[in-house]
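Line by line, the protein sequences are chains E and Z.
Here the first sequence is numbered in numbering that gives the first Met the number 0, starting from 0 and rising by one per residue.
Here the second sequence is numbered in numbering that gives the first Met the number 0, starting from 0 and rising by one per residue.
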Amino acid sequence: MPKVKVPRKSTSVDMTAMTDVAFLLLTFFMLATQFKPEEAVTIDAPSSVAEVPLPDKDMMTITISDDSRVFFELQGQQYKEELIKKVADIHKITFTPDQIKNFSLMSSFGVPLNNLGNLLNTKSADRAKFVQAGIPCDSLNNELAEWIWQSRLINNQVRVAIKGDQDANFPVVKQVIKTLQEKKVNRFNFITNMSTETVEK
Amino acid sequence: MAEIEGGGGGHKKGGKPKGKKMSTRVDFTPMVDLGFLLITFFMLTTSMNKPKTMEINMPVKDVTEEEKQKVKASQAITLLLAENDEIVYYFINETTGDPETPVITNFSKGGIRATLLNKNKELLVKANANNYDSIPVLKEMYRMNQITEDEMKKRISGIKANPNALIVVIKADDKAKYRNLVDILDEMLICNIGRYAIVDITPVEQDLIKTAMSLKPL
């Protein structure tokens, strides 16, 4: 009687398909990832039911931290470069090309003009330790208004977003809104987080 | 084909002694490992949800007094955002033009939202406006194919622009937080209130908050 031969199957598995999938996913995540630019201050935005996503470009972001400091950011490297040149011209300050380059690469900043040079001299790695006092925006010295106005002149498509910490004090917010209104910005966005709450029926 | 070398085996019995033939197969396991490691890294660092925004329009600043629209007293409610997440609201008495007794409430579901929804409905019923059904109901009807998209949009804008609907005046006290402002704007969205304005608080109203708070039962 012939023996029944059990065919011996190879234990090796074809890995090609798995590799393909793994790298496909890897590519997807690599492309989808947007690394957060280093923020000068961490903001815990309030949540809301608003569903409008924030536009990607042409944004001017005014950040208000929980300790009432105001930060400013204009998107777009070339715009930032123009902005600092213009502001420097107006205030008769000169910035070195290195400082201008640093400014165009920096995200948000919150220092008065007379301290901006010092901030730009610090290396980006040490910038987190630099104490930023916030941009003055009171009626005596409203540098924020200057930044807003010049940004609008440089990029007329710019949209304004206010990114406030949920514990920011209202008077500061009021001051920022007032400044915006004075500079003829009557339409702006509040950046919020998604809320889990659904709209009432 | 890329596969894991099945180990041992492969020796043929007999035959000529050959020069050692190197396998062309490469072990892919470390590469797959690395691939998944990177996937995990990117998955964890990626933040998929973009921040949302809430658009707000402020009135143009240099409008003369005459150009400003007067709001009918019966239609308006004034919300004063006070400290500790509290809201003081009051209506204006139609006949005397004086503010009525202020009421203290908060941001909970039964608080300001209930007030706004009830008052709005009451006003619309009184004005015999028949389209006081809410926006989510309309959206649901659109989903169920009961109404067309155009009709939905028309009716939604109809609700928001209804001349008889509630008008909300928002005034925040200096002790309020930014969160309170966003929360109250959120309530406007939830309660389908199309007409609201953020106005500076007056000293009279600051006193009003103080007296309302001092009368508050503990």
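Glycine included, each C-beta is placed from N, C-alpha and C at the ideal position.
Residue i at chain E interface by Cβ criterion, 9 angstroms
i: residue 118/Z; result: no
i: residue 0/Z; result: Bear in mind that the predicted position of residue 0/Z carries a pLDDT of just 48, short of 50, making it too unreliable to give a figure here.
i: residue 75/Z; result: no
i: residue 181/Z; result: yes
i: residue 106/Z; result: no
i: residue 168/Z; result: no
i: residue 83/Z; result: no
i: residue 54/Z; result: yes
i: residue 211/Z; result: no
i: residue 59/Z; result: yes
i: residue 5/Z; result: Residue placement at residue 5/Z is flagged as unreliable, the pLDDT there being 47, under the threshold of 50; a coordinate-derived value is accordingly withheld.
i: residue 125/Z; result: no
i: residue 184/Z; result: yes
i: residue 152/Z; result: no
Three-state class that DSSP yields for residue i in the structure shown
i: residue 164/Z; result: coil
i: residue 52/E; result: strand
i: residue 108/E; result: strand
i: residue 183/Z; result: helix
i: residue 104/Z; result: strand
i: residue 91/Z; result: strand
i: residue 85/Z; result: strand
i: residue 99/Z; result: coil
i: residue 214/Z; result: coil
i: residue 39/E; result: coil
i: residue 9/Z; result: Confidence at residue 9/Z is low in this model, with a pLDDT of 47, below 50, so its placement is unreliable and no value can be given for it.
i: residue 198/Z; result: strand
i: residue 169/Z; result: strand
i: residue 75/Z; result: strand
i: residue 18/E; result: helix
i: residue 220/E; result: Here chain E has residues from 0 to 200 only, and residue 220/E is not among them.
i: residue 121/E; result: coil
i: residue 143/Z; result: coil
Sub-9 angstroms separation of residue i and residue j beta-carbons
i: residue 181/Z; j: residue 53/Z; result: yes
i: residue 174/Z; j: residue 140/E; result: no
i: residue 162/E; j: residue 190/E; result: yes
i: residue 77/E; j: residue 46/E; result: no
i: residue 172/Z; j: residue 82/Z; result: yes
i: residue 31/E; j: residue 90/Z; result: no
i: residue 186/E; j: residue 54/E; result: no
i: residue 169/Z; j: residue 198/Z; result: yes
i: residue 86/E; j: residue 145/E; result: yes
i: residue 156/E; j: residue 120/E; result: no
i: residue 103/Z; j: residue 183/Z; result: no
i: residue 44/E; j: residue 165/E; result: yes
i: residue 18/E; j: residue 31/Z; result: yes
i: residue 59/E; j: residue 70/E; result: no
i: residue 96/E; j: residue 49/Z; result: no
i: residue 94/E; j: residue 134/E; result: no
i: residue 163/Z; j: residue 125/Z; result: yes
i: residue 28/E; j: residue 114/Z; result: no
i: residue 201/E; j: residue 82/E; result: As displayed, chain E neither begins before 0 nor continues past 200, which places residue 201/E out of reach and without an answer.
i: residue 34/Z; j: residue 22/E; result: yes
i: residue 190/Z; j: residue 122/Z; result: no
Proximity test, Cβ basis, 9 angstroms: residue i and chain Z
i: residue 75/E; result: no
i: residue 173/E; result: yes
i: residue 59/E; result: no
i: residue 108/E; result: no
i: residue 50/E; result: yes
i: residue 118/E; result: no
i: residue 47/E; result: yes
i: residue 200/E; result: Because residue 200/E sits at a pLDDT of 38, beneath the cut-off of 50, its placement in the model cannot be relied upon, and the following sentence gives the value as read from the coordinates. Interface residue, yes.
i: residue 14/E; result: yes
i: residue 162/E; result: yes
i: residue 105/E; result: no
i: residue 137/E; result: no
i: residue 6/E; result: no
i: residue 141/E; result: no
i: residue 166/E; result: yes
Cβ-based neighbour list, residue i, same chain, cut-off 7 angstroms, excluding 5 preceding and 5 following
i: residue 73/Z; result: 93
i: residue 188/Z; result: none
i: residue 77/Z; result: 88, 89, 168 and 170
i: residue 160/Z; result: 193
i: residue 205/Z; result: 172
Contact set for residue i: own chain, Cβ-Cβ below 6 angstroms, skip 5 residues either direction
i: residue 67/E; result: 168 and 171
i: residue 40/E; result: 64
i: residue 118/Z; result: 165
Contacts around residue i, its chain only, beta-carbon distance under 8 angstroms, and the 5 residues preceding and following it disregarded
i: residue 192/E; result: 44, 45, 46 and 47
i: residue 175/E; result: 61, 63, 69, 136, 143 and 161
For this session: Kindly provide the ranges of any alpha helix (DSSP H) runs that are 4 or more residues long and lie completely inside the stretch 124 to 188 of chain E, ordered along the chain.
Result: 142 to 153 and 169 to 181
Exercise. Which runs of the beta strand (DSSP E) spanning at least 3 residues fall entirely within the stretch 21 to 63 of chain Z, listed in chain order?
Worked result: If one requires a minimum length of 3 residues, the beta strand (DSSP E) runs lying completely within the stretch 21 to 63 of chain Z are 51 to 56, in chain order.
Exercise. Which runs of the beta strand (DSSP E) fall wholly inside the stretch 53 to 100 of chain E and span at least 3 residues, in chain order?
Worked result: 58 to 63 and 69 to 73
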